[in-house]
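Written out as structure tokens, the structure reads:
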């Protein structure tokens, strides 16, 4: 199916791409202290609407209950709500304002933010080893002490999975967090000490190395995590079902190198798996790696469905549209080449929207034994 490269992409490393609830808008955040908003046209293509300057690099963002409210976090330490104005400028672009500003402020940069439509909760995590759960309507929130530094968070309809250092993964019941906000929540000022909250489940990740991304299965039965070591782990919440937990290698390139005797020997190049997203209808999932490749997988049959052509640079973020018809791909040079002091090549920073054909992301039958 068709692939569109969006005009006016970010100018620095992309941190997140996110479709709106109605699938008609797309946000892209980056290290260039900006958030870009794109909207689709009658022909299905996407046009850049506006670039929003932010207070420092944005590390993550998510849409709220509708297609004109979203939340962002980053190096500013703030959890900020953005809302579209209902009027428009002379050029037709929407007016943007920050309504009520920040929901809360972490002690260190905030790296992840997600929204639960089922419980109307905005949940953020931070390098200060806390998680904030907010009621965006009342302005109340609670700060919760985490067991370690968080790397990723994923939501199902009733659970939040927080992946942390030392292979820790804690699962929280969203109903419990909602009740906690209602009973112990307070406005953003004054700050209070983080609460000690026992998770619904404490787990050890099936992955041995640092988690990069995570996602929950649409049916709420489990989740998947990806790592810096070119692996993905698939797990289930139910103890009996989790007996089929597994991990697999991906985003690796086979090549050759020369040994001390100048003889060619095989070399396996391992790439970070930076992006992971579940298809909202079929329950399959996509991964994107430092090799510039996007692949689709069936978690139940443990099979790769397809692999798309290699892109110009590392895949930084992925997101399926809620209607399941598109996948957004943020591409930019990361830190895989260790050239952290160099400015990224703007020619390698791209945002793509791939339209998916009917059944393109549908799972495969298990192989006959």
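In the numbering used here, the protein residues as written are 2 to 370. Glycine residues also receive a C-beta, built at the ideal position from the N, C-alpha and C atoms. Being a predicted model, the structure only gives us computed values, none of them experimental.
Measure the Cβ-Cβ separation of residue 306 and residue 312 and say whether it is below 8 Å.
The residue labelled residue 306 in the question sits at position 305 within the chain shown. The residue labelled residue 312 in the question sits at position 311 within the chain shown. No, Cβ-Cβ distance for residue 306 and residue 312 is not below 8 Å.
With DSSP as the reference, please indicate the residues paired to residue 202 in a beta bridge.
Your numbering for residue 202 matches position 201 in the chain shown. The partner list for residue 202 (beta bridge, DSSP) reads 172.
Entirely enclosed beta strand (DSSP E) segments - the stretch 189 to 273, minimum 3 residues:
202 to 205, 212 to 217, 223 to 228, 232 to 237, 247 to 250, 253 to 259 and 265 to 271
Residue 39: which of 107, 19 and 56 sits nearest, CA to CA?
Here the question's residue 39 lines up with position 38 in the chain shown. Of 107, 19 and 56, the residue nearest in Cα terms is 19.
Three or more C-beta pairs closer than 8 Å, one from the stretch 197 to 206 and one from the stretch 158 to 175: is that the case here?
Three or more beta-carbon pairs drawn from the stretch 197 to 206 and the stretch 158 to 175 are found closer than 8 Å, and the two stretches are therefore classed as touching.
How many Å lie between residue 113 and residue 263 at the Cα?
Translated into positions along the chain shown, residue 113 becomes position 112. Translated into positions along the chain shown, residue 263 becomes position 262. Residue 113 and residue 263: Cα-Cα distance of roughly 46 Å.
Which residues in the same chain as residue 6 place their Cβ atom closer than 7 Å to its Cβ, once the five residues preceding and following it in sequence are excluded?
Within the chain shown, numbered from 1, the residue matching residue 6 stands at position 5. 351 and 353, listed in sequence order.
I'd like the list of long-range same chain contacts for residue 246, defined as Cβ closer than 8 Å, with 5 residues on each side in sequence excluded.
The sequence position of residue 246 within the chain shown is 245, counting from 1. Around residue 246: 207, 234, 235, 236 and 237.
Assuming residue 134 contacts residue 178 (C-beta within less than 8 Å), just tell me the rounded distance between them.
Start at 1 with the first residue of the chain shown, and residue 134 comes out as number 133. Start at 1 with the first residue of the chain shown, and residue 178 comes out as number 177. 5 Å between Cβ atoms; contact.
On the criterion of 16 or more Cβ atoms from any shown chain inside 10 Å, does residue 184 qualify as buried, or is it exposed?
For the purposes of this step, residue 184 is taken as the residue at position 183 of the chain shown. Looking at its Cβ environment, which holds fewer than 16 other Cβ atoms inside 10 Å, residue 184 is exposed.
Residues near residue 54 by beta carbon distance below 8 Å, same chain, minus five either side:
Within the chain shown, the letter at position 53 stands for residue 54. These residues qualify, in order along the chain: 34 and 35.
Cutting at 8 Å between CB atoms, please list the residues of its own chain near residue 42, excluding the five before and the five after it.
In the chain shown, the residue the question calls residue 42 occupies position 41. These residues qualify, in order along the chain: 48.
By how many angstroms is the C-alpha of residue 284 removed from the C-alpha of residue 9?
Indexing the chain shown from 1 puts residue 9 at position 8. Indexing the chain shown from 1 puts residue 284 at position 283. Taking the Cα positions, residue 9 is about 32 Å away from residue 284.
Span separating the alpha-carbon of residue 315 from that of residue 275
Along the chain shown, one-based indexing puts residue 315 at 314. Along the chain shown, one-based indexing puts residue 275 at 274. For residue 315 and residue 275, the distance between alpha carbons rounds to 8 Å.
Going by the beta-carbon positions, is the gap between residue 13 and residue 29 smaller than 8 Å?
As a first step, residue 13 must be located in the chain shown, where it is residue number 12. As a first step, residue 29 must be located in the chain shown, where it is residue number 28. In this structure, residue 29 does not lie closer than 8 Å to residue 13 by Cβ.
Among 329, 243, 286 and 356, nearest to residue 364 - alpha-carbon criterion
Numbered from 1 along the chain shown, position 363 holds the residue referred to as residue 364. Here the closest residue by C-alpha is 286.
For the beta strand (DSSP E) that contains residue 17, what are its first and last residues?
For the purposes of this step, residue 17 is taken as residue 16 along the chain shown, with counting starting at 1. First-last of the beta strand (DSSP E) with residue 17: 15 to 20.
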